[in-house]
Each structure stands twice: as structure tokens, then as C-alpha cells.
Amino acid sequence: MPNLPSALLHGDGELKSLIRNRDWSTSPLGSPETWDPSFVAVTSFALDSKFPMFLTWGDQLACVYNDAYSELLGNKHPWALGRPFEEVWPDIWNDVHPFVQRALSGESVYLENLPLTMHRKGYDEEVWFTFTYSPVRDDRGMVRGMCCTCVETTQQVLTERRREEEFERLRDLFQQAPGMMAVLRGPRHVFELVNEAYIHLVGERRQIGMPVREALPELEGQGFFELLDKVYATGKPYVGRAVPITLRRNEDGTLDERFVDFIYQPIRDERGNVSGIFLEGSDVTEAVRANMALRDSEERLRQLANTIPHLAWMANPDGYVHWYNDRWYEFTGTTLQGVEGWNWTNLFDAEDLSQMLVKWRHAISTGTPYDVTTSMRSATGERRTFYVTAAPLRDAAGKIVQWFGTNTDVTDIQRAQEELKAANRRKDDFLAMLAHELRNPLAPISTAAELLKLAGLDKDRIRQTGEVITRQVAHMTELVDDLLDVSRVTRGLIKLKEEVLDIENIIADAVEQVHSLIEAKHQYFVLDVPDRVLTVKGDRTRLTQVLTNILNNAAKYTPEYGNISLHLAPRGRQIDVTIRDDGIGIAPELLPHLFELFTQAERTPDRSQGGLGLGLALVRSLVELHGGTVSATSPGPGKGSEFTIRLPLLESGVAEHDDRAVAADANLSRNARQCLVVDDNIDAAHTLALMLETLGHRVAVEYHPAKALEAAGRVVPEVFILDIGLPEMDGYELARRLRAMPQLAGALLIAVSGYGQQEDKDRALQSGFDHHLTKPIRLDDLLCLIN
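Structure follows, in C-alpha cells:
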């Protein structure tokens, strides 16, 4: 263990362990043994803190952080440890740089809920942070770094936004409520808010900002002003039922008698004093005139409850249910006699009922609201999930007069949540599979690499070892290509190179690619195609990829000496390509999700041929891009499967001939070229140089771009093979400087990168490169460019 400062040696924690065991030779901070005591002290404090903190030090502002902050870094941890701040957070550097400068100038900075766009989990996300930047000084009092204490307030900000949106929504609901509402402030009852229903009752006139006696002078002598004064003075609400009121509603000044239900509810301030009155009510004139029997609030509540989409019910204070709305009877198919009192319990399973009764009886005894989620049987016998809630209705004295409850159908919401959980499980399974499949080829590659270090290997063993590495690299490349293909398709970046194709030629190409696997397993393959030519319009490569994928799956999951068949047949204006096998089959629960991303059958140790499970998702996307469909059926596990690809049939057209050239033998170069390989990865540079020299070329190697520029002027290479990710000067800039040298005007510049998107290739060409190759480089591709 290095001789670290004692402050960093003691205690547990992931970051303390990383600091103790890290090789600091490549970090701008240098070895912790050389750290300034002030920085060590602040670092020790931060590492012991449970609050997210990070520190920067030195000219490059290299970062050290604690365990709590590592959670905020996402997938940047632990890579970020010891790296410059700007390199760790390039995505927010422009936003925070002014505050960093202020801190480095000796000023402490506090920022609350600063919005930032971070890329820390593989995608851009909008986040908010509250943090402080404080200067950190060395023993001489000079500011050498910065300490940040921060907290992510994203959820707080979003919650506040939702609260504001909810307030506005409630304001809109207030305005749109079918019942009249008004808010009066102060002892003079000044109108602060009124909704449309209230204006409709009293007529169009000025009210906001006016005392009630001035806004509605015709109410004088009707007792309403006195009631408002009493409610304001006593703090006791007043409820009026079918109260007559005479209003001057029309512009001609005539008086109109109406009947209203209303409540004057006192509004209290934070000290509990009455500061205003909330008026809520409804114009019940028509109801009073139509049916004088409609006298009390319960009947009005029943009518209201019958207008809502929920199953509603009312119960006595002791829990005896005495009324249900029409929605209840429609769903349950019952009558009041069948479910009155406690007979509603017959509609629930015993297990659910036990929990419901415990909560319901507790609510009754305590007068607290009741809620539970449970399943309920319909009139047809279907079970659906309901959110059941009930609240006590009290009189002016606070005594419970009855319970009002609703049952809200949340079946669809619950199913959506379950589907989301299932999708997350499939994603997790896929990530585990990805890790497994990427590790598998690394084992033989590592073993082969160690074997090549041994002395005394004969040519046969060297060749065999090289073949192992080649096969495993090819396998890993296929896995990465599958991932990239799925990414391109899902983002709509795939562009088809359409041409008129004979589908039989596509089938022949796919069969040729899978033939070796079928032959190795001694499987019986039957090809059934019609005599007539069937043409489609599509991308030759992508259609071959679709058929190859399904044929390859059929061969992999069909045992030795099994049977595979491919049938091609026209179906009206479409053609069907059907691939059948008698292999392991497909479980019924997997069939609906077979073509979805992250879908995997159960993994077992004997399934060594399994892949990432992306192939069928890619197949469906590519087939749909061609205007077709793909489907799968299976009688079940062990009973084989059948895949059908249906594509639009081209009514007329001539399929283009397949004139693809056969690749030439690239074992030896016809013309030796002077090459310069530039790559800071020593192993990669040397193996590539060794390969080119073996094939007859003259090769120089440099690991640093500055050295490469010197060598280019001295050696004057004909071919440059440049890695893009170089230190201090990337491959793009190096290419631009090489192009500026007159003696290299005719040189061939080839970019090599692990990034292979179209934008990467375009950028390489714009920087002066002639070609772009994606790692790992295929020898044939490279030699085709050089020879």
C-alpha cells in the first residue's frame, strides 16, 4: 500500500478504498503522498461526510469526491476520480464555469435550483441542483482549488412545478365547476373570486373588488348580509337548503326569484383567525319547482353521485350501506335488497375481504377516511381491480351523519404498471445477457494472448491461436453490430438501398451463410420454391440479414439430425417465406413478446449458442421497413416452431443480376508501400505494423501526434493509418496538419476509430481523411485500400 496521508487511510467507504488503491501516476493530482495538507484535510472531511461533496485542485481542477457524490455521477463513476473537472462534466462546463472562476478568485458562491442538462446515464436529462462553490486555500493562503457541497433538487423542482400546475388546474376547475363558487375577503366581504356559475346566477355585473352590499344591493333585507356577518364573526359555517333569493339578473332591472343551496364556509389564516368566507352552492330553482319533495342534501348528493363514472355508495355512521348509484348496479348486476347493509361482502374474495373489513371498521370507529385496493366481481363473473375510498360527511357540529364512498376501476392502470415492470425485467435480463455474451469471447482471447507470449510455439500452434483470436473478435464484432443495428432501426436511421430483387436469390444467399452450421449438425434441410420468379423491392443486404437470422436460429435450436424447411409461396399481392423446424419450440408466454427488445427465453448452462436476443427485434423492424410483417407460432416447448415473413409482391419488374465480385487473395501485397501507423495504444500499433510488414509493406510507428508530424516530414509515408483518440491532439487535427504539408499532397490517410456512425465517417472525410475504418479492422478492408 502506498504511504498515503493518515487522514485517508482510516475508515470504510468505496471512495476511500479507491483513493488508497488507485494508481495516481496518470492523474494531474499526482500521488496522494504529495498532496497539500490543506487539500488532504478538506478531502478527509468530504470523504467522511454523508452529504454529496466534491473537490477540485490544481491548474487542471482535478476532482476528488465522496461516496454520496458518486451516486450523482451515474456511469461517470469511478472513471471521474482524479480527472479534470471540465473533462468529467463537459456537458455542463459552460453553465458552471463562471461560478468556478468566482470560487477560484476567492469568492464563495451559492446557487439554488440551477437548471442543468447532464449526460451521466447514457442520455441527456434535465436536472436541477442547489450547491455552493467555496475556495480551498493552501498553507500559504493561496486559492488552489474549490470545494462543492451540492444536493440534487430535481424532484423538488418538478414537484413545485406540478404543484403550480395543480393550482392552475384547480383554478380552472373552480371556474368551470357546475356549481356556483365565490371567495369573499375581510369583514366587508369583498369579492375576490367568482366562477361562471355564480355569474350566471346573479347576472353580468361588476363584482371583483367590491363589497357584497355594493355589488348586490337587492339582497338588502333578505338576510344574506346578516348571515355573512355572523359566519365571519363566529367562524361557524352556515348551510342553506333551497333558500329563496331575489336577484336583479337582467339589464332591465326586473327582479327574479331563484332557489339556491349554498354553504358559507369560513376561511382561516395561519393564526386560525377568520379572514374570509368561501361560498359554494347551486341554483336549485328548477329542482324545487319540479319536485318539492327534493328537500334535503342526501337526495341531492344521490343525484350527483349518479352522474359520475365511479361506483358510488352511501352508508350510515355505523357502516350500514343503504344506497348505491346506477353504475354499481350496472357493474354488479345486483339489487338494493341483495347488497343492502353488509351483504356487499358477497362480491369479494375471502382473502381480500378480510383486509377490507379491518380497514373499514377502523375508519368507522375513528371517523378517518377509508381507502383500499381490491378486486371485485362483475355481473359477468369478471374480476376487476378497484380503488375503494370513503369519507365521512359531518353536520355543523362535526358529527358524522353518513359515509360517501366510491369504487374506481383501476384495472387498466394496474395492468399497465405490471407491463412496465415486466418490460423492466426483460431489460435487466438483456443487460445480464449482454454482459455474459461479451465476456464469453474475452476468455479465449485472453488465453490465446497469454499463449502467444510463450517461447517455443511452432507455426501450427501460432496459426491455431491466431484463428481463435480471429473467431472470437468476429463474434464480438457481430454482437456489437447487432446492438448498433437495433439502435439505428429504433432511431429511424436505417436507410434502405432499394432495388428490384428475385426473392429466390435472397433465399440462396441466406441458405449459403447458414449452410455450414446445418451441415455441422447433420440436419435435414428442405427448400421449396415455385417455378415462377417472384420479385420484391427492397435492400438485398437487409433482406438477406432477416432470412439468415431466422435460419440461423432454426439451426441453432434444432438438435442434430433435426429437420428444417423453407417454403416460398405467393399469397395474392404478397409472398410468404415460411421457415419451420422441429427444434426446442417456444413457450406460450414468450410468443406475444418474441419480437420485442430485451426479450429472452430462459437461460440455461447448456445453451452455449445463445446470443443477445436482439435478432428477432431487428428482424421485425427490418421487415416492417419493407412494408411487410413477420409472425411466429409454436405448439410449445420441444415441438418446434414456424416463422412466416410476408412481403409485398412486386407485380412487374426484372430482378437485378448478382454481379458481386469475389474478393482477391490478400495474403501478399503486390506493391510495397511506405506506411506510418499512429496509435497511443502500443499493442494495437505494434500488431498492426507487424501484420503490414508480414505482407511486404514498410512500416514506421509513432505513439504521439507530435512525433508523428516529425516522422511524416522525415520519412514521407505514402499511407497514414491514424487512430482518432490520440493524446493532446486528436486524429482529426493531425490529419488537417498532415494535409497542410506539401510533400504529403498525394498521401493516403485512413482513420481508425471505435465509433462507426455515419456522422463519425463524415467528420473524418471533412478533416482530410480519404477513408474511415471501424475497430476492429478487417484485414481485407485495409488491404483493399492500401494495395
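Mapping of the sequence shown onto my numbering: residues 590 to 1376, in sequence order.
For each residue, glycine too, the CB sits at the ideal point set by N, CA and C.
The structure presented is a predicted model; accordingly, all values stated were derived computationally and were not measured.
Asked, Found
"Checking the sheet assignment: what are the DSSP bridge partners for T978?", "D960, T995"
"For L1205 versus G1217, is the C-beta spacing smaller than 8 Å?", "no"
"Just the C-alpha distance for T924 and E755, rounded to the nearest angstrom, thanks.", "39 Å"
"Quick test of your reading: D1171 and T1147, contact by CB under 8 Å. State the CB separation rounded to the nearest angstrom.", "6 Å"
"Go through its chain and collect everything with a Cβ distance to V877's Cβ below 6 Å, but skip five positions before and after it.", "A831, F848"
"Count the other CB atoms within 10 Å of the CB of M770; is the residue buried (16 or more) or exposed (fewer)?", "buried"
"Rounded to whole angstroms, what is the Cα-Cα separation between D872 and Q744?", "43 Å"
"So, under 8 Å CB-CB, V1153 and I1107 are touching, yes? Tell me the CB distance rounded to an integer number of Å.", "It should be pointed out that residue 1153 corresponds to Ile in this sequence rather than to Val. 7 Å between Cβ atoms; contact."
"So what's W912 in DSSP terms, helix, strand or just coil?", "strand"
"Taking a contact to mean a Cβ-Cβ separation below 8 Å, would you say F643 touches Y654 in this structure?", "yes"
"Exposed or buried, R1131, counting other C-beta atoms within 10 Å across all chains shown (16 or more means buried)?", "buried"
"Give me the residue from V928, N914, I681, C652 with the minimum Cα distance to P667.", "C652"
"Ordered along the chain, which non-local residues of its own chain (more than five positions away) have a Cβ less than 8 Å from that of S864?", "R774, G775, I856, R857, D858"
"Under 8 Å, Cβ to Cβ, is there at least one residue of chain D near V631?", "The chain inventory of the structure shown lacks chain D, comprising one protein chain alone."
"Count the CB pairs spanning the stretch 600 to 611 and the stretch 701 to 719 that are closer than 8 Å, and state whether there are at least three.", "no"
"Using the three-state DSSP reduction, which class does E1178 fall into: helix, strand or coil?", "coil"
"For Q854, which of helix, strand or coil comes out of DSSP?", "strand"
"Decide if P806 is buried, meaning its Cβ has at least 16 other Cβ atoms within 10 Å, or exposed.", "exposed"
"Report the rounded CA-to-CA distance for Q1347 versus D1312, giving the unit in angstroms.", "17 Å"
"Is it true that the stretch 816 to 828 meets the stretch 735 to 752, where meeting means three or more beta-carbon pairs spaced less than 8 Å apart?", "no"
"Going by alpha carbons, who is nearest to V685 out of Q944, E701, S633, F780?", "E701"
"Looking at the unbroken beta strand (DSSP E) that takes in W717, where does it start and where does it end?", "713 to 726"
"Rounded to the nearest angstrom, what separates A882 and Q811 at their Cα positions?", "Because the pLDDT of A882 is 40, which lies under 50, any placement of that residue in the model is unreliable, and the number read from its coordinates should be weighed accordingly. Approximately 24 Å, taken between the alpha carbons."
"For G1335, which three-state DSSP category applies?", "coil"
"Where do the N-terminal and C-terminal ends of the alpha helix (DSSP H) with A1144 fall, by residue?", "1129 to 1145"
"Look at L650 and F674 and say whether their C-beta atoms are less than 8 Å apart.", "yes"
"Between L1123 and I1164, which are expected to be in contact by the criterion C-beta below 8 Å, what is the C-beta distance as a whole number of angstroms?", "5 Å"
"Within a Cβ cutoff of 8 Å, which residues of the same chain sit near S1258, ignoring the five residues on either side of it in sequence?", "With a pLDDT of 49 at S1258, under the threshold of 50, the predicted position of this residue should be treated as unreliable, and no value is reported."
"For T997, I'd like the list of residues in its chain whose CB is within less than 7 Å of its CB, leaving aside the five on either flank, ordered along the chain.", "H899, F975, Y976"
"Could you please give me the residues that DSSP links to Q690 through a beta bridge?", "Its beta-bridge partners do not exist; DSSP assigns none."
"At what residue ranges does the stretch 1253 to 1337 contain a whole run of the beta strand (DSSP E), taking only runs of 3 or more?", "1263 to 1267, 1287 to 1291, 1308 to 1312"
"For Q1346, name the three-state secondary structure that DSSP assigns.", "coil"
"What does a CB cutoff of less than 7 Å around R726 pick up in its chain, not counting 5 residues either side in sequence?", "S627, V732, R733"
"Quick one: residues in its chain with C-beta nearer than 6 Å to the C-beta of D1269, no 5 flanking neighbours on either side, listed in chain order?", "Y1292, L1315, P1316"
"Which class does P1226 belong to by DSSP, given the choice of helix, strand or coil?", "coil"
"First and last residue of the alpha helix (DSSP H) that includes I1153?", "No alpha helix (DSSP H) contains I1153, which is instead part of the beta strand (DSSP E) from 1152 to 1160."
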